[in-house]
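To start, the structure under review is shown below, and the notes come after it.
Number of protein chains: 2
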Amino acid sequence: MDLFDVVLAQRACRHFTDDEVPDTDIERMLTAATHAPSAENMQPWVFVVVRDRDRRAAVGELARSLWDGGARSFAAPHIGDRMLASIDDSVSAGFGGAPALVIVGADLESGVHPSALAASIFPCVQNLLLAAAALGYGAALTTLTTLVADQLRAIVGLPDTVQPFAVIPIGRPARPLGPPRRLPVGTKAHRERFGTAW
Amino acid sequence: MDLFDVVLAQRACRHFTDDEVPDTDIERMLTAATHAPSAENMQPWVFVVVRDRDRRAAVGELARSLWDGGARSFAAPHIGDRMLASIDDSVSAGFGGAPALVIVGADLESGVHPSALAASIFPCVQNLLLAAAALGYGAALTTLTTLVADQLRAIVGLPDTVQPFAVIPIGRPARPLGPPRRLPVGTKAHRERFGTAW
């Protein structure tokens, strides 16, 4: 699939079918992920692929407790009723029933300066999301459960030396994904100096 | 270009020709960037495209002062002599002589929770890098100058309400880019629990 076709169509998927995600597809996604840039090419990423039902449910329950316990109240004023309802449904179903979760963390002993860790992880996450889309999967970037890193660590046995940055549900979309809604570049870009219209 | 072909070939470019990057290509890159995910689709990204020679030189000089003033010493033990020499050359030439710099920031008043800002910017940066590669440009993700955010802000007139996250040099590669060097997925991925080999 053409890069621009994938990039311009990619959007969050919050509702999944039960269809499994085979190892070969996971590996293509992770190979894409590992080709992202990182500070000094230190490749600090760590992936845990979770398909076990009970373990997925535990991560989902952690997300639900945080959503109901405050994140929903924070988000509600900012987002429309439709998105709120969609997230409510997704959270109730445990990451929308996704058959696979990929937890992406950073190895704190990799040598990457702390200030460059996020810059060395989220490009990798984006490559993973794009590869999933190119293979016909839905996926989403979630970070809520990383706010309680130790609880997330406990579920998947991550040591203290790995900081979780994202949990990515992956599966076949249960409903067709509409086009992403984005503001035009002209509202976001400036020429030479901030305030000079592009 | 095929998504996987671009993703698997992408790598940092540190040396550029003088050839200009036309608006149409910048717009394709920024359009790709704006199609990245962000927390609650808040799209907090802000871009300043810098092509003016003096302003580019000022950003380059800021990077040089930080590199010579400590970043080089931090990086040197971690990276090989070849990469160190390549970065030295690139820094001396002002982001390798790139004819365009894209400064990517986050609008702190966009409504994105502070904990989700980096997760809402670096996927956009990665889309930009991939789009540049697909169009035959070299580019690189740099974050060094964002450590002195106020100095970077001053050069391009960014208000305090915009936090710079990355400076991306873009141009035609001055030398052929070799393949990226990455560790295999098997060294980074775990099955169900950390420590269980993929």
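Going down the list, the sequences are from chains A and B. Numbered as in my numbering, the first sequence ends at 198 without a single skipped number. Numbered as in my numbering, the second sequence ends at 198 without a single skipped number. A virtual CB, placed ideally from N, CA and C, is assigned to each residue, including glycine. All values derive from a computational prediction rather than experimental measurement.
Under the three-state reduction of DSSP, residue 49 of chain B is assigned to strand.
Against chain A, the CB of residue 52 of chain B has a partner CB under 8 Å away; the residue lies at that interface.
At a C-beta separation below 8 Å, residue 123 of chain A has these neighbours in chain B: 122, 123, 125, 126, 129 and 141. Residue environment analysis places residue 183 of chain A among the exposed positions, since fewer than 16 neighbouring C-beta atoms fall within 10 angstroms of its C-beta. The beta-bridge partner set that DSSP reports for residue 173 of chain A consists of A:16.
In this structure residue 47 of chain B touches residue 189 of chain A by the C-beta definition: roughly 4 Å separates them, less than 8 Å. Neighbours of residue 67 of chain B in chain A, taken as residues whose beta carbon is under 9 Å from its own, are absent, since the nearest beta carbon is some 12 Å off. Close partners of residue 74 of chain B in chain A (Cβ separation under 7 Å): 113. With a beta-carbon spacing of about 5 Å, residue 98 of chain B and residue 171 of chain B fall inside the 8 Å limit used to define contacts.
Only exposed fits residue 115 of chain A, as fewer than 16 other CB atoms lie within 10 angstroms of its CB. At a Cβ-Cβ threshold of 8 Å, residue 44 of chain A and residue 141 of chain B do not count as neighbours. Using a Cβ-Cβ cut-off of 7 Å, residue 195 of chain A is close to 157 of chain B, given in chain order. In the DSSP assignment, residue 105 of chain B falls within the beta strand (DSSP E) that extends over 100-107. Distance from the CA atom of residue 119 of chain B to the CA atom of residue 126 of chain A, rounded to whole angstroms, is 10 Å. Sequence-distant partners of residue 132 of chain B (beyond 5 residues in either direction) whose C-beta falls short of 6 Å from its own C-beta, in its chain, are 29, 139 and 170. For residue 43 of chain B, at least one C-beta of chain A is nearer than 8 Å to its own C-beta. By the criterion of at least three beta-carbon pairs nearer than 8 Å, the segment 52-64 of chain A is not in contact with the segment 13-22 of chain B. For residue 79 of chain A, the nearest beta carbon of chain B is closer than 8 Å to its own beta carbon. Minimum Cα-Cα distance from residue 42 of chain A among the listed residues A:198, A:150 and A:113 corresponds to A:113.
Distance from residue 101 of chain B to residue 168 of chain B at the Cβ level is roughly 7 Å; contact confirmed, criterion being Cβ atoms closer than 8 Å. Of the candidates A:150, A:9 and A:49, the residue whose Cα lies closest to the Cα of residue 35 of chain B is A:9. For residue 191 of chain A, the enclosing beta strand (DSSP E) covers residues 189-191.
Annotation for residue 146 of chain B: no alpha helix (DSSP H) segment contains it, and DSSP assigns it neither H nor E. In this model, residue 50 of chain B and residue 24 of chain B are separated by some 15 Å (Cα to Cα).
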